[in-house]
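Single-structure report; data block below.
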Ligand SMILES: Cc1ncc(COP(=O)(O)O)c(C=O)c1O
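Residue numbers (the numbering used here): 15 to 378.
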């Protein structure tokens with residue numbers, strides 16, 4: 015039997031709707047992936063010009079790829095169905111089989127991608143201890159292993175911007191520059207899992223091209239906070255992306271009339287990036303309400319509010335169950351770790367409701 019999804023303890027949103035409190039709409043704070051396409055986005059999808067993208071003939075996909083490459087100041091980009099596939103394609107570009115990737119122990123690539131780097135890329139991964147979203151460059155530098163027959167040689171370092179399990183933390187530019195120097199000195203690649211790099215860009219005011227210039231490869235998602243139903247991109251040099259097209263096909267990610275998805279992505283880039291500031295403000299409101307209970311795992315910087323329930327009277331499952339009974343969905347990341355995520359389908363009234371419900375539960 016499939017283990018229940020931690021986020022909603024195995025029940026679907028429809029079930030929550032059926033049993034939710036007094037007919038109120040559900041306030042779904044599990045993830046920023048639960049958004050539904052807006053009317054404008056659906057219109058863009060319905061009217062998209064399409065072609066066969068495996069032949070390279072979908073004009074909307076081609077336009078999206080060119081647009082995203084330009085945003086990050088790189089030569090090329092490639093649309094993939096998911097962020098996981100985009101990461102795995104990028105890792106295969108920079109780490110040959112039987113070579114090593116370094117990343118933090120909470121990174122999505124080693125936590126949630128089901129061993130794909132090893133299974134599909136023959137990649138060996140070694141991790142540094144996760145400290146929220148922070149990275150200590152000297153720790154990373156000390157881990158890099160040179161070529162030689164006695165140990166697995168390091169070929170790439172990966173960071174996550176913003177950091178999902180790190181509570182939406184943003185890695186500062188100074189740290190990224192230090193990592194770039196370390197990578198250059200060691201002759202290894204630097205990859206960014208930028209599923210939510212848009213959030214860092216909006217929170218810090220750092221231009222996307224400035225982030226782009228620091229990395230050999232990036233993956234970015236259109237379906238985390240930007241509101242597209244599907245779609246991530248691998249970004250890099252023309253040479254890398256030519257090879258990425260081949261790796262994507264091998265992974266089964268070559269899509270045909272994908273312009274309907276690319277149109278949603280283009281719409282999201284045009285309409286849903288700067289509004290992320292509203293999601294950050296909503297997360298800050300949630301954090302402010304919860305702060306007096308002493309349960310915030312870290313300072314809230316973007317759209318993720320991580321809860322450390324070690325000292326709370328109830329554990330994460332109990333909190334999620336109690337909140338669910340009142341129509342608020344919370345994500346369970348571990349026995350005493352929970353998470354709230356704001357996004358474009360939660361409005362101010364929803365945040366008010368979540369604050370009322372969660373503070374009531376935590377006060378018991
Ligand atoms: C940081 C990060 N990277 C990659 C992914 C993978 O995206 P997908 O679910 O589209 O495979 C996620 C998903 O939430 C994520 O949070």
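All residues carry an ideal CB built from backbone N, CA and C; glycine is no exception.
Would you check if there are 3 or more beta carbon pairs closer than 8 Å linking the region 276-284 to the region 109-126? no
Of the residues 88, 76, 131, the one placed nearest residue 265, counting alpha carbons only: 131
Rounded C-beta distance between residue 46 and residue 239? I'm assuming under 8 Å. 4 Å
Under 8 Å between C-beta atoms of residue 207 and residue 172: yes
Considering only heavy atoms of ligand 1, does any lie closer than 7 Å to the CB of residue 291? no
To the nearest angstrom, how far is the alpha carbon of residue 315 from that of residue 78? 29 Å
Measure the CB-CB distance between residue 251 and residue 89 and report whether it falls below 8 Å. For residue 251 and residue 89, yes; Cβs fall inside 8 Å.
Cutoff 7 Å; reference residue 375; Cβ partners in own chain excluding five residues on either side: The residues are 333, 336, 337.
With 16 other Cβ atoms within 10 Å as the buried cut-off, status of residue 163: exposed
What three-state label does DSSP hand residue 212 in the structure shown? helix
Between the beta-carbon of residue 313 and the beta-carbon of residue 43, is there less than 8 Å? Not closer than 8 Å, so no.
Which residue wins for smallest C-alpha separation from residue 9, given the options 367, 127, 141? Any answer about residue 9 is impossible in this case: the structure gives the chain only from 15 up to 378.
Pop quiz: residue 74 and residue 273 are said to be a contact at Cβ under 8 Å. What is the actual Cβ separation, rounded to whole angstroms? With 8 Å as the limit, residue 74 and residue 273 qualify as a contact, their Cβ atoms being about 3 Å apart.
Could you tell me whether the region 196-216 touches the region 174-184, where touching means 3 or more Cβ pairs closer than 8 Å? yes
Helix, strand or coil: which one does DSSP assign to residue 188? helix
Residue 348, enclosing beta strand (DSSP E) - first and last residue: Start and end: 345-348.
For ligand 1, I want to know if residue 210 counts as a neighbour, meaning its beta carbon is within less than 7 Å of at least one of the ligand's heavy atoms. yes
Going by other Cβ atoms of all chains shown within 10 Å of its Cβ, with 16 needed for buried, is residue 185 buried or exposed? buried
Need the endpoints of the alpha helix (DSSP H) that residue 250 sits in, please. That residue, residue 250, is in no alpha helix (DSSP H); its beta strand (DSSP E) goes 246-250.
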